[in-house]
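Participant:
In UniProt numbering, the protein residues as written are 1 to 161.
(1) Cβ atoms of residue 3 and residue 157: under 8 Å apart, would you say?
(2) Between residue 122 and chain D, is there a C-beta pair that is closer than 8 Å?
(3) Figure out for me which residue from 29, 74, 30 has the closest Cα to the Cα of residue 40.
(4) Which of the three DSSP states, helix, strand or coil, is assigned to residue 38?
(5) So residue 94 packs on residue 101, CB below 8 Å; how close in whole Å?
(6) Hey, residue 9 and residue 57: beta-carbon distance below 8 Å or not?
(7) With a threshold of 7 Å, establish whether the CB of residue 15 neighbours any heavy atom of the ligand NAP.
(8) In three-state DSSP terms, what is residue 73?
(9) Measure the alpha-carbon distance for residue 71 versus residue 48 and round it to whole angstroms.
(10) Could you tell me which residues DSSP puts in a beta bridge with residue 4?
Have a look at this one:
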C-alpha cells in the first residue's frame, strides 16, 4: 500500500483548507485508510502562525469533526515534492499554485481544483465558498461542500493508493 499525501490550499490557511483537512483526516481514520496523509497551507503568509479561525473551529465541532492542532503556514517549494496532490479551493488558488510550480520547476499535474471531486459542482462555478467575511451560515455552507466532497475524494484516493 502506497502512502498518498494530499495538501489542501486556500488563502490564509485558517478556514477552508483547515476544514477540509480536518474532515478528510477524520473520515479517513474512521474508514481505516491509513495510507492517506492530509495537511493544509495558504497561498498567503498573512495568517502565518495563527490557529484556525474560531468560527471554523466552532462549525467543525458543532458537526462532530475534530479540529487539528494547526498553525497557518504558507506553501513552500518543498510542498510540491512532499505531496502527491495539491487541492486548490478556488481557481485563483490554482493559478497561484501553477505559477509557483512553474517558477520552482515543480510538477503542475499535481494541482487540481478541490471541487473537481464534488458530484454536485457546477462546471461554471468550481469555487469553495469563502466564509471569512460571513457568519455561521457561510461557514456551514462551506462545511456542506467539504462534507459532500470528502467521500468522493477518499474513494478516488483509495483506488489509486
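All C-beta atoms in this analysis are idealised placements derived from N, C-alpha and C, irrespective of residue type, glycine included. Fair warning: this is a prediction, and the values are worked out from it, not measured in the lab.
Facilitator: So, to answer that:
(1) Along the chain shown, read from residue 1 onward, the residue named residue 157 stands at position 157. Along the chain shown, read from residue 1 onward, the residue named residue 3 stands at position 3. Pairing residue 157 with residue 3 gives a Cβ-Cβ distance that is not under 8 Å.
(2) Of the chains in the structure shown, none is chain D; there is only one protein chain.
(3) Here residue 40 refers to the residue found at position 40 when the chain shown is read from its first residue. The residue with the shortest Cα to Cα distance from residue 40 is 74.
(4) In the chain shown, the residue the question calls residue 38 occupies position 38. Strand.
(5) Walking along the chain shown from the start, residue 94 turns up at place 94. Walking along the chain shown from the start, residue 101 turns up at place 101. Contact between residue 94 and residue 101 fails: their C-beta atoms lie close to 10 Å from each other, not under 8 Å.
(6) On the chain shown, residue 9 is found 9 positions in, with the first residue counted as 1. On the chain shown, residue 57 is found 57 positions in, with the first residue counted as 1. No; because the gap between Cβ atoms is not below 8 Å, this pair is not in contact.
(7) Absence of the ligand NAP is noted for the structure shown, with no ligands found whatsoever.
(8) Against the chain shown, residue 73 aligns to sequence position 73. Coil at residue 73, not helix or strand.
(9) Within the chain shown, residue 71 is the residue found at index 71, counting from 1. Within the chain shown, residue 48 is the residue found at index 48, counting from 1. Roughly 7 Å separates the two Cα atoms.
(10) Here residue 4 refers to the residue found at position 4 of the chain shown. Answer is 36.
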